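Student: Residue numbers (this note's numbering): 6 to 301. Ideal Cβ placement from N, Cα and C applies to all residues, glycine included. No experiment lies behind these values; they were computed from the predicted model shown. Dumping the structure here so I can ask a few things about it.
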């Protein structure tokens, strides 16, 4: 799955002021990412507020992303949840023909055992017509998929090709990289571990900030991939304040405030999330100004 290496971005779902899906803004964001040299796009992940979208709205997002992309970049689709049977049913009924892989989050709230997590992904992998990227994000799911579980799935199920690892622990990430099959991709799920993951031998990142500053983020990852760690870390340190700021009041409130600042969409989010505060927007705006040519 070499087409899923480098910089992927977890696309937001932009909303109008009335909280309906903003199709035009989504088209602008997709073009912004493509023009910014990212390697692939991930639609309807957790950053897309997919838990708040109706079935019809999800289809609209899929149609807009695939239509705007027009085959230019590989596409990944988020299909996950804590009802294994429902995830499998969704995979069987969706038209996945334009997507390279499925991004599926480890079951949240239920806090399954490691065996439960293993059986969940095994069932999904056996049912999916597309390769699976597992997504481990303990801070949000309430449980950590341990390296032993990840590696067991990687070795035993050919259809599981990668993990988006957002544990925030480089020891865990390094353990997976060291033990993984040669063709298994370890993808950073946190912006702040993206460069360290690549330098440790990982495949890249599925980034939140990268869709706001695609040129800068993609350049950092490319430099890291080619071993230019010093230059890559210069960009990392420039981006770090924004990596932190956009999550201060929840995701995707922060990244949507960047899109508002650069004129691609507004900052609206759906409850239970609320729009970024004026103070946070001001902070983000000040950080954005250091990147020449970014704002509209």
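Can you tell me where the beta strand (DSSP E) with residue 210 in it begins and where it stops?
Tutor: Counting along the chain, the beta strand (DSSP E) containing residue 210 begins and ends at 209-212.
Student: Among residues of its own chain, excluding the 5 on either side of residue 79, which ones have a beta-carbon nearer than 6 Å to its beta-carbon?
Tutor: 8, 45 and 105, listed in sequence order.
Student: Tell me the DSSP bridge mates of residue 101?
Tutor: Answer is none; residue 101 lacks a bridge partner.
Student: Which stretch, first to last residue, makes up the beta strand (DSSP E) that contains residue 141?
Tutor: Element bounds for residue 141: 137-141.
Student: So the candidates are 240, 148, 102 and 249; which of them puts its Cα closest to the Cα of residue 223?
Tutor: Checked all of 240, 148, 102 and 249; the closest Cα to residue 223 is 240.
Student: Which stretch, first to last residue, makes up the alpha helix (DSSP H) that contains residue 328?
Tutor: Outside the modelled stretch of the chain, which goes from 6 to 301, sits residue 328, for which no answer is possible.
Student: With a CB to CB cut of under 8 Å and the five nearest residues on each side skipped, what residues in its chain are close to residue 36?
Tutor: 73.
Student: Could you check where the alpha helix (DSSP H) with residue 28 kicks off and where it finishes?
Tutor: Segment 28-40, the alpha helix (DSSP H) holding residue 28.
Student: Roughly how many angstroms lie between the CA atoms of residue 177 and residue 208, to the nearest whole one?
Tutor: The alpha-carbon atoms of residue 177 and residue 208 are separated by roughly 15 Å.
Student: Are there 16 or more other CB atoms within 10 angstroms of the CB of residue 20, so buried, or fewer, so exposed?
Tutor: It is buried - the Cβ of residue 20 has at least 16 other Cβ atoms within 10 Å.
Student: Measure the alpha-carbon distance for residue 108 versus residue 50 and round it to whole angstroms.
Tutor: If you take the alpha carbons of residue 108 and residue 50, they lie about 7 Å apart.
Student: Report yes if the CB atom of residue 181 is closer than 8 Å to the CB atom of residue 168, and no otherwise.
Tutor: For residue 181 and residue 168, yes; Cβs fall inside 8 Å.
Student: So, helix, strand or coil for residue 45, using DSSP?
Tutor: Note: residue 45 maps to strand in three-state DSSP.
Student: Name the two residues that bound the continuous alpha helix (DSSP H) containing residue 69.
Tutor: Looking at the DSSP string, the run of the alpha helix (DSSP H) that includes residue 69 is 60-74.
Student: Excluding the 5 residues preceding and the 5 following residue 291 in the sequence, name in chain order all residues of the same chain whose CB lies nearer than 6 Å to its CB.
Tutor: So the list is empty, once near-sequence residues are dropped.
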